[in-house]
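Step one of this worksheet: look at the structure below.
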Ligand SMILES: [Zn+2]
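Numbering (our numbering), first residue to last: 802 to 1067.
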């Protein structure tokens, strides 16, 4: 059964240097990236892909989570929260409670994707095992992107986490399939979504801009450049096979091609 509706729900916009988002290109130019998550309505349940930026973190990074996030103080100045809403607010607008969400598929656990995850304590969280482990013990500069405040509750003994290695078909019918696209982070994954009107691949941060996706120029802070390039090839191959439209997560033009809620792709 295909997915009935795909809603794009923006949570905020950040502005990075263009050369950070698209490797070494146009230094000094701003790149305003959207930070959406996606809600998928399927006859067998409601699925979120990512959970966006936490407004709670952005408003007070020093007291966020068990360790606080002092290094985020400067970064949150680049965030514009007025362009988005918390996923719970988006859901309320669409007539849903947080407990209506059955499954959350996480592209990865960077803080602009995993904020607000604890607002859905009853949902099953699907994340690559490599990502889950790395998020708790990242190396060097990669430590900047993972905030324990976003995901520390996943360590609870009663947390409902599916730690995946390889592909994961959410309903077993091919309508929502997460597949590994490592490189941006060790356990990054992208999500193929089959709708009545066609197939969409939510690429996540496999590239951080449309130009980057097309030219193989990934984020300057990618965990592995080599694996990033292999993953771009894997997405292109899959898109060709499924005749899919690829959506680059942070790219303003790609996001602009998706309907504004309450409208959705069908
Ligand atoms: Zn990321």
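Note that the Cβ used here is the ideal one computed from N, Cα and C, for glycine as well.
Here the structure is a predicted model, which means the values were calculated and not measured.
Each residue's CA atom was taken as its position, placing residue 1047 and residue 946 some 24 angstroms apart.
Note that the C-beta distance between residue 873 and residue 844 is not below 8 angstroms.
Separation of the CB atoms of residue 820 and residue 828 is rounded to 4 angstroms, and the pair is thereby assigned contact status at 8 angstroms. Residue 1022 sits in coil when the DSSP states are folded into three classes, being neither helix nor strand.
In the three-state scheme derived from DSSP, where H, G and I count as helix and E and B as strand, residue 823 is classed as coil. Just so you know, the alpha carbons of residue 1042 and residue 875 end up roughly 43 angstroms apart. Bounds of any alpha helix (DSSP H) do not take in residue 943, whose DSSP letter is neither H nor E. Non-local beta-carbon contacts of residue 1055 in its own chain, meaning distances under 7 angstroms to residues more than five positions away in sequence, involve 1011, 1048 and 1049 in chain order. Assignment of residue 935 by DSSP, reduced to helix, strand and coil, places it in the helix class.
For residue 951, same chain residues with a beta-carbon under 6 angstroms away, outside a window of 5 residues either side, are 912, 915, 916 and 918 in chain order. DSSP places residue 962 inside the beta strand (DSSP E), whose first and last residues are 962-965. Where residue 953 is concerned, there is no enclosing beta strand (DSSP E), because DSSP gives it neither an H nor an E. One alpha carbon belongs to residue 956, the other to residue 905, and they sit about 16 angstroms apart. The alpha carbon of residue 1053 has as its nearest neighbour, out of 804, 807 and 814, the alpha carbon of 814. For the pair residue 836 and residue 854, the CB atoms are nearer than the 8 angstroms cut-off.
DSSP, reduced to helix, strand and coil, places residue 862 within a helical segment of the structure shown.
Boundaries around residue 902 are those of the beta strand (DSSP E), 902-906, since no alpha helix (DSSP H) includes it. The three-state reading of DSSP puts residue 843 in strand, counting E and B together. Annotated as proximal: residue 897 and residue 847, with beta-carbon spacing under 8 angstroms. The count of Cβ pairs closer than 8 angstroms, one atom from the region 926-940 and one from the region 985-994, reaches three, so the stretches are in contact.
Per DSSP, reduced to three states, the secondary structure at residue 878 is helical.
In the structure shown, residue 993 falls within a strand segment according to DSSP collapsed to helix, strand and coil. Chain order is used for the residues whose beta-carbon lies nearer than 5 angstroms to a heavy atom of ligand 1, namely 911 and 1006.
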